[in-house]
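First up is the structure itself, then whatever we jot down about it.
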Amino acid sequence: MAVTKRRGYVPQDIEPKWQRVWAERGVLVADDASDRPKHYNLVMFPYPSGELHMGHMRNYVIGDLVSRFRRMQGMEVLNPFGWDAFGMPAENAAIKVGKHPRELTLGNIAIAKRQLAMMGVLYDWSREVATCLPDYYRWTQALFLLFWERGLAYRRLAPVNWCPFDKTVLANEQVINGRCWRCDNLVEKKDLEQWFLKITDYADRLLDDLELLRGTWPEKVRVMQANWIGRSHGAEVDFEAETGDAIRIYTTRPDTLFGATFMVLAPEHPLVERVTTDAQRSEVRAYVERARRETEIERLSTEREKTGVFTGAYATNPVNGERIPIWIADYVLMGYGTGAIMAVPGHDERDFEFAKKFALEIREVIAPPSGPVGELSTAYVDKVGSLVNSGRFDGLPPEVAIPKITQWLAEQGKGEGVTRYRLRDWLISRQRYWGCPIPMVHCEACGIVPVPDAELPVELPPENKPLAENPEWYTVPCPSCGRSARRETDTMDTFIDSAWYFLRFTSAHDREEPFDPELANHWMAVDQYTGGIEHAILHLLYSRFFEKVLHDAGMVEPVEPFMRLFTQGMVKRNGQVMSKSLGNGVAPDDLVKREGADAGRIYEMFIGPPDEDAEWTVSAVAGPVRFLHRVWRLVLEPERIERSPAALSPSDEVLRRRTHQAIRKVTDDYTSFAFNTAVSALMELANAMQEHVAGGGELGDTWRESVDALLLLLHPMAPHVTEELWERTGHAGLCADAAWPAYNPAAAADPTITLVVQVGGKVRDRLELPAGLPEADAREAALRSEKVGRALDGKPPRQVVYVPDRLINLVP
RNA sequence: GUCGGCGUGGCGGAACGGUAGACGCGCUGGAUUUAGGAUCCAGUGGCCGAAAGGCCGUGGAGGUUCGAUUCCUCUCGCCGACACCA
């Protein structure tokens, strides 16, 4: 083996060199026309906020590892990257430092790009996109118009979540416990004309198609999405108020209709004013006023005691004609169902609590299997038992009564079965500057007019101020009649930008359409998508929605965009998530300077299971550093070069076995994202090689095979050092281009095994025996053991359990 | 409250129902070195013991099994998501 002159491992000397070579040779530039099997490997693109730290890097290192691994396995890998570059933080930061958001954003992109490169992370940069650039957002606008044409974009007056700090509207999903997801300020309610995307039209498919992702998406994420969509089946029922108004309620428990002893309307319910009696009016108004002023967070607290007020009015229960009082209470939400409920205190905890507080009747209509309780001390909410006090439905189990009563209501014209969702339409209007303008014009004569495709993009003006404050920009001729009109000044939620970027990557520079359907169909769906759990709901749900709409529009075949999803855990330091604001991030620059990119990458994979959070321990990086020094020495330093004898020496045999066992283990671990144990397996291989050398083993063909395997297996994790050693050991091409080593099961098989001998389930001895021993022989060998004899006390075992090549258990 | 996830040495963590603690950090002892955050060898869960060996041990209590870190039931603790959705 030709070995270049020995020299210590100095990562800083070799890393930039190989980064340059990979870039020059276009390693990882995807070929649309390749006939190798395609593998679309994608990591969630980031918002370019400035310096990256090793917390961010975990995602990119995993992605890079997968790309390199799949490529060596012979796949044509598409591994693009881009920037989710619109958003309010850039706008706010820009104002603070007196720069333009574009300038700031592009500067941040340059920083991040350099940091990715110094970690040896490769992408097909020829496909780079930034959502804030016109050649991208032109197509975001085109897609918005497509949604509009398909009736999936609409505008309406809506009570919206308003963040007073960011001065914008937020989607429901962006309100966390009543606070803004970005700035954490309390969110207010406001009525505004807003743009929505009709994601509710796709609620069923978004829910049902989660089945297609069973086993390939984390169960946790599937459950979160299902809960978010929140489909429930129930019935809408009309209760007639004494004013003659029908009050429609929604219930999932029509079987409890006979137990409805009062009704509750949300304070915002439109019929509140109409039904309220004069005597109660001032009290009701005061309550409604108070509810309005209360913040979401106060109102939604379950801890809080129920409040409410009687309207003075009554309604008729359609199933039994009973007269029941109508109350107002803020525990009923206008935003769900019909904003009105029938209250069944006997079988609903909230209604029970309310009834107790206001001394309203509690009636038992579902008896548990043990029989009616009579006086209920708590709401009985289970659906087991049978109906009582429910007229001709008495005796039916709830599951049977539900469809029966629903059907009866429909026949009587008093209600119908309905399906409801927790999912709301997606509010996409934002009222600031740094976002994708909604390509619409408001004309007094023509109404809302879409900007013709030929006039796209609607470009942002240069001034960094809300579009609504920029008359020079928003005053335009109507595309339809030519008269002076006003551009839409809302921009789109940035989650739209990221809801289709994976499609744009398949033909990133297409000038005719958002993406080329043929190329999209070639590359889609994404084979492996990797990112943070924080996007479990929003980004993934919206992307799935877009994929389905574009599928329906005939633009792309797959109905799901991401075949496999992996969500990596966060990297913490001192118990807290690495973040800029906490100042506890580990900078890749420092790491590269000290330990080198490769050791950093290995440490990041070795730190723990990749789907779990991990604690960054500075001293522990030493392990990977030492490991790479050892690899370097092992590969370059042994100087005796001997010819392999015809037959393998015992040491060679062991080495060969360990090598093939490592090939199997590392291949499996990379495939199943068990990167931490893959590192262990590689360390074990290096230790085996070390033993071989120390024991005076031959450095012939077997040795060479081990060296090659070590470098190839290690390459996806530590690309620079392996590339350098690959070259120094006389290989012609790049390690990155080399084929993944083949696993030979015969070579990995152990000729002897350690048989664990148990007596009564306790380990008493371990015997070195040839593999594949028949039970009788194993038993004989076990019984010969002195320790076993002692444990058995001379008596023969009553039972013997034999697991070939592993264990024999003698039960006395 | 509901739904998830997780509890294993001083630390990060391994372990198809079959040798608990792989691999690494740290630590202890030794060897070696003109350089490197060096390197090499041995040891390192607890208790008893000079040793051989033995006993205990995966948050806790039960259960299934020849055998349980792994499966089941209950329970405690931590973390996360959702949270008055009728």
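Letter by letter, the first sequence follows residues 375 to 1186 in my numbering.
Every residue gets a Cβ at the ideal spot worked out from N, C-alpha and C, and that includes glycine.
Since the model is a prediction, treat every value here as computed from it, not as a measurement.
- Runs of the alpha helix (DSSP H) lying entirely within the stretch 904 to 979 and spanning at least 4 residues, in chain order: 912 to 926 and 962 to 968.
- Taken through DSSP and simplified to helix, strand or coil, Lys1161 comes out as helix.
- Listed in chain order, the non-local C-beta contacts of Asn958 below 7 Å within the same chain comprise Arg947, Asn948, Gln950 and Met952, local neighbours out to five positions each way being set aside.
- Taking the Cα positions, Val774 is about 18 Å away from Glu738.
- Distances from the alpha-carbon of Ile700 to those of Asn601, Ala634, Ala1120 and Lys487 put Ala634 closest.
- Excluding residues up to 5 positions away in sequence, Val662, Ala665, Ile702 and Asp704 lie with their Cβ nearer than 6 Å to the Cβ of Pro641 in the same chain.
- Excluding its 5 nearest sequence neighbours in each direction, Ala1156 has C-beta neighbours in its own chain below 8 Å: Leu1129, Val1131, Asp1139, Leu1141, Val1162, Ile1182 and Leu1184, listed in chain order.
- Cβ contact annotation for Asn694 (same chain, cutoff 7 Å, sequence separation greater than five): Phe632 and Gly765, in chain order.
- In chain order, Pro891 place their CB closer than 8 Å to the CB of Gly928, counting only its own chain and leaving out the 5 sequence neighbours on each side.
- Judged by DSSP in its simplified three-state form, Gln902 adopts strand.
- Under the three-state reduction of DSSP output, Glu679 falls in the coil class, being neither helix nor strand.
- When DSSP assignments are scanned along the stretch 1063 to 1117, the uninterrupted stretches of alpha helix (DSSP H) that are 4 or more residues long and fall wholly within it turn out to be 1075 to 1088 and 1093 to 1102.
- Our two residues, Pro1178 and Thr1103, have alpha carbons roughly 42 Å apart in a direct line.
- Pairing Glu818 with Ala859 gives a Cβ-Cβ distance under 9 Å.
- In this structure, the straight-line span from the alpha carbon of Pro1144 to that of Ala1123 is close to 11 Å.
- In the three-state scheme derived from DSSP, where H, G and I count as helix and E and B as strand, Ile603 is classed as helix.
- Around Pro1125, the same chain offers Pro1144 and Ala1145 as residues with beta carbons nearer than 7 Å, after the five sequence neighbours per side are excluded.
- The alpha-carbon separation between Pro888 and Arg501 amounts to approximately 14 Å.
- Secondary structure note for Asp1139: its beta strand (DSSP E) is the uninterrupted segment Lys1136 to Pro1144.
- C-alpha of Asn844 to C-alpha of Val815: approximately 15 Å in a straight line.
- Assigned with DSSP and collapsed to three states, Gly429 falls in helix.
- By alpha-carbon distance to Val597, the top candidate from Pro420, Leu915 and Ser441 is Leu915.
- Looking at the DSSP output, Cys810 bridges to Met866.
- DSSP places Tyr414 inside the beta strand (DSSP E), whose first and last residues are Lys412 to Val417.
- A distance of 9 Å or more separates the beta carbons of Thr865 and Tyr795.
- Selection Thr505, Arg410 and Met446 evaluated against Gly456 yields Thr505 as nearest (Cα-Cα).
- The Cβ-Cβ distance between Gly789 and Glu610 falls below 9 Å.
- In this structure, the beta-carbon distance from Asp972 to Pro998 falls below 9 Å.
- Straight-line spacing of the CA atoms in Gln548 and Gln942 works out to 22 Å.
- Annotation for Asn535: the continuous beta strand (DSSP E) segment containing it runs Ala527 to Cys537.
- Only exposed fits Ala660, as fewer than 16 other CB atoms lie within 10 angstroms of its CB.
- As the crow flies, the alpha-carbon of Val1067 is around 23 Å from that of Glu1097.
- Cβ-Cβ distances below 6 Å link Gln1035 to Ala1122 in the same chain, with the five nearest sequence neighbours on each side left out; the list follows chain order.
- For Ala714, the uninterrupted beta strand (DSSP E) segment begins and ends at Ala714 to Ala717.
- With a cutoff of 9 Å on beta-carbon distance, Met898 and Tyr414 are scored as near each other.
- The shortest C-alpha to C-alpha distance from Gln1173 to any of Gln805, Ala882, Glu1149 and Arg1164 is the one to Glu1149.
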